[in-house]
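Have a look at the structure below before the remarks.
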Amino acid sequence: MATNDKHCFGTIFIFLLLPLLLQFSSGKGELQLNYYNESCPRAEEIIKETVTKLYKQHGNTAVSWIRNLFHDCIVKSCDASLLLETTKDIVSEKTSDRSFGMRNFKYVGTIKEALESECPSTVSCADIVALSARDGFVLLGGPQIEMKTGRKDSKESYVSEVDEVIPNHNDTMSSVLSRFQSIGIDVEGTVALLGAHSVGRVHCINLVNRLYPIVDPTLDPNYAQYLKGRCPSPEPNPKAVEYARNDRDTPMVLDNRYYKGLLSNKGLLLVDQQLASDPSTTPFVEKMAADNGYFHDQFSRALLLLSENSPLTDEEGEIRRDCRYVNGD
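Heads up: the sequence shown is residues -27 to -1, 1 to 302, going by mature numbering (1 follows the signal peptide of the UniProt record, and there is no 0).
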């Protein structure tokens, strides 16, 4: 090969290699599958084992994991800011009315302790939130999905943004769809994610507006009677155990019975029933009601999109030693 040819080949090789070198030297990492393979090989296995153990002891934890992911990731970033407690410098996101009814936060600490015992200061609380939701989905009847990791934990709370970005149960469907679209989740994915209402329960305080002073005419009369039995007062005590379920047949299985109920005017919350009446969402409700596999596929897709919303990586965040507090507090 002539000298000039060698020089040309070398120039081309360096030109092609440069973007790759910049990627590694920029300090900006990306989420990836099996992120902890070298630093903590059993990380995902430990999370799965602990989530399963907690589920056997407290079945409702599986619902909490999924709700944690939603409340954490839709607010700013998937960064475990939700888990921070109030301190002199921080007001917890858990103090917001939007966090009403959330529970089982202490069990995140149980998972964190198991990981710290194996690999100190290695696995982020943000990844615990994400992976526990993935494993909780399986325990609730969903398929196993691959989820990327490598998130870092936030050093601040975003309580001032919680009310603005987490949809309310009485919001219009257009506003709910707009909020999800702003983080890259389309209409089909939004309809699927709201299917999480298939499991767990809702406190009466969030649904009495559909029962009193008059029953919402979009409610099935028999279902409305059931709801009145669960919520006999128009002013329920927020601290009392007064609740109703969207799905009374399979309340701890995340399945498409939720959508079948919507088509029968048995949506628990106003936002649920709107899914079946809004022209942009109705076709997806009908399709998910007819095909549980399709619902699971779309829920899996949307869950992954949600879990990857603006994660903190590398130096943008930290690995909290205690998920409740920023390091140093």
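Note that beta-carbon positions come from the ideal geometry of N, C-alpha and C, so glycine has one too.
Separation of G74 from Q(-5), as counted between CA atoms: Taking the first residue of the sequence shown as 1, we reach residue -5 at position 23. Taking the first residue of the sequence shown as 1, we reach residue 74 at position 101. Its pLDDT being 37, under 50, Q(-5) is placed unreliably in this model, and the coordinates cannot settle the point.
Inter-residue Cα distance where the pair is Y28 and G240: Taking the first residue of the sequence shown as position 1, residue 28 is located at position 55. Taking the first residue of the sequence shown as position 1, residue 240 is located at position 267. Taking the straight line from one Cα to the other gives about 27 Å.
The region 134 to 146 in contact with the region 184 to 193 per 3-pair CB rule at 8 Å: no
Nearest to L236 (by Cα), restricted to the options H170, S253, A262: Taking the first residue of the sequence shown as 1, we reach residue 236 at position 263. When only C-alpha atoms are compared, the closest one is A262.
Reduced DSSP category for E291 - H, G, I as helix; E, B as strand; rest coil: Numbered from its first residue, the sequence shown carries residue 291 at position 318. In this structure, E291 counts as strand in the three-state DSSP scheme.
Span of the alpha helix (DSSP H) around V226: Residue numbering aside, residue 226 sits at position 253 when the sequence shown is read from its first letter. V226 -> no alpha helix (DSSP H), and no H or E assigned at all.
beta-carbon I187 near the ligand ATP non-hydrogen atom, thresh 7 Å: In terms of ligand content, the structure shown is empty, and the ligand ATP therefore cannot be addressed.
Beta-bridge pairing of D126 - partner residues as DSSP gives them: Position 153 of the sequence shown, counted from the start, is the residue given in the question as residue 126. Its beta-bridge partners are E291.
Cα-Cα separation between N143 and S130, rounded to whole angstroms: Position 170 of the sequence shown holds residue 143. Position 157 of the sequence shown holds residue 130. Roughly 25 Å between the two C-alpha positions.
Simplified DSSP state of Y185, which is helix, strand or coil: To locate residue 185, count along the sequence shown from 1; it is residue 212. Y185: coil per DSSP, three-state reduction.
C-beta atoms of L227 and F110 nearer than 8 Å: For the purposes of this step, residue 227 is taken as the residue at position 254 of the sequence shown. For the purposes of this step, residue 110 is taken as the residue at position 137 of the sequence shown. A contact, by the Cβ cut-off of 8 Å.
Three-way DSSP call (helix, strand, coil) for Q117 in this model: Position 144 of the sequence shown, counting from 1, holds the residue named residue 117. Q117: coil per DSSP, three-state reduction.
Pairwise C-alpha distance: T163 and S253: By one-based count along the sequence shown, residue 253 stands at place 280. By one-based count along the sequence shown, residue 163 stands at place 190. Their Cα atoms are separated by approximately 11 Å.
Expected contact under 8 Å - CB spacing of S273 and P116 to nearest Å: For the purposes of this step, residue 273 is taken as the residue at position 300 of the sequence shown. For the purposes of this step, residue 116 is taken as the residue at position 143 of the sequence shown. Going by Cβ atoms, the distance from S273 to P116 rounds to 6 Å, so yes, they are a contact pair.
L285 - partner residues in DSSP beta bridges: As a working note, residue 285 is residue 312 in the sequence shown. K125, per the DSSP bridge assignment.
Simplified DSSP state of Q(-5), which is helix, strand or coil: Along the sequence shown, one-based indexing puts residue -5 at 23. Low confidence applies here, because Q(-5) scores a pLDDT of 37, under 50, leaving its location unreliable; read the following figure in that light. Here Q(-5) sits in helix by DSSP.
Three-state class that DSSP yields for V160 in the structure shown: Working through the sequence shown from its first residue, we reach residue 160 at position 187. In this structure, V160 counts as helix in the three-state DSSP scheme.
Rounded straight-line distance, which links the Cα of Q246 to that of K233: Stepping through the sequence shown from its first residue, residue 233 is reached at position 260. Stepping through the sequence shown from its first residue, residue 246 is reached at position 273. Approximately 11 Å, taken between the alpha carbons.
Simplified DSSP assignment, three categories, for A217: Counted from its first residue, the sequence shown places residue 217 at position 244. Residue state, collapsed to three classes: strand.
DSSP bridge partner residues for V175 (one or two, in chain order): Within the sequence shown, numbered from 1, the residue matching residue 175 stands at position 202. Answer is A217.
Proximal residues to A165 (C-beta, below 8 Å), its chain only, five neighbours per side dropped: Against the sequence shown, residue 165 aligns to sequence position 192. Taken in chain order, the residues that qualify are F257, M261, F268, Q271, F272, R274, A275.
First through last residue of the alpha helix (DSSP H) which encompasses P205: Locating residue 205 in the sequence shown gives position 232, where the first residue counts as 1. No alpha helix (DSSP H) contains P205, which DSSP labels as neither H nor E.
Helix, strand or coil at Y196 according to DSSP, with G and I counted as helix: In the sequence shown, residue 196 corresponds to position 223, counting from 1. If DSSP states are grouped into helix, strand and coil, Y196 belongs with the helices.
Beta-carbon gap between R293 and N300 smaller than 8 Å: On the sequence shown, position 320 is the one that residue 293 refers to. On the sequence shown, position 327 is the one that residue 300 refers to. Result yes, Cβ atoms of R293 and N300 sit closer than 8 Å.
Residues sharing a beta bridge with Y298, DSSP: Position 325 of the sequence shown, counting from 1, holds the residue named residue 298. Partner(s): D295.
Beta-carbon spacing of I20, D108 below 8 Å: What you label residue 20 is simply residue 47 of the sequence shown in a count that begins at 1. What you label residue 108 is simply residue 135 of the sequence shown in a count that begins at 1. For I20 and D108, yes; Cβs fall inside 8 Å.
With 16 other Cβ atoms within 10 Å as the buried cut-off, status of G173: The count along the sequence shown starts at 1 and reaches residue 173 at position 200. So G173 ends up on the buried side.
A87 beta carbon less than 8 Å from that of N41: Position 68 of the sequence shown, counted from the first residue, corresponds to residue 41. Position 114 of the sequence shown, counted from the first residue, corresponds to residue 87. For N41 and A87, no; Cβs fall outside 8 Å.
C-beta contact flag for H170 and N219 at 8 Å: Locating residue 170 in the sequence shown gives position 197, where the first residue counts as 1. Locating residue 219 in the sequence shown gives position 246, where the first residue counts as 1. Yes; because the gap between Cβ atoms is below 8 Å, this pair is in contact.
Residue range of the alpha helix (DSSP H) that includes C46: As a working mapping, residue 46 is identified with position 73 in the sequence shown. Run containing C46: 34 to 46, per the alpha helix (DSSP H) assignment.
The alpha helix (DSSP H) enclosing Y28, as first and last residue numbers: Within the sequence shown, the letter at position 55 stands for residue 28. 16 to 30 is the span of the alpha helix (DSSP H), which, as asked, contains Y28.
Residues sharing a beta bridge with Q5, DSSP: Residue 5 sits at position 32 when you count from the first residue of the sequence shown. Answer is T122.
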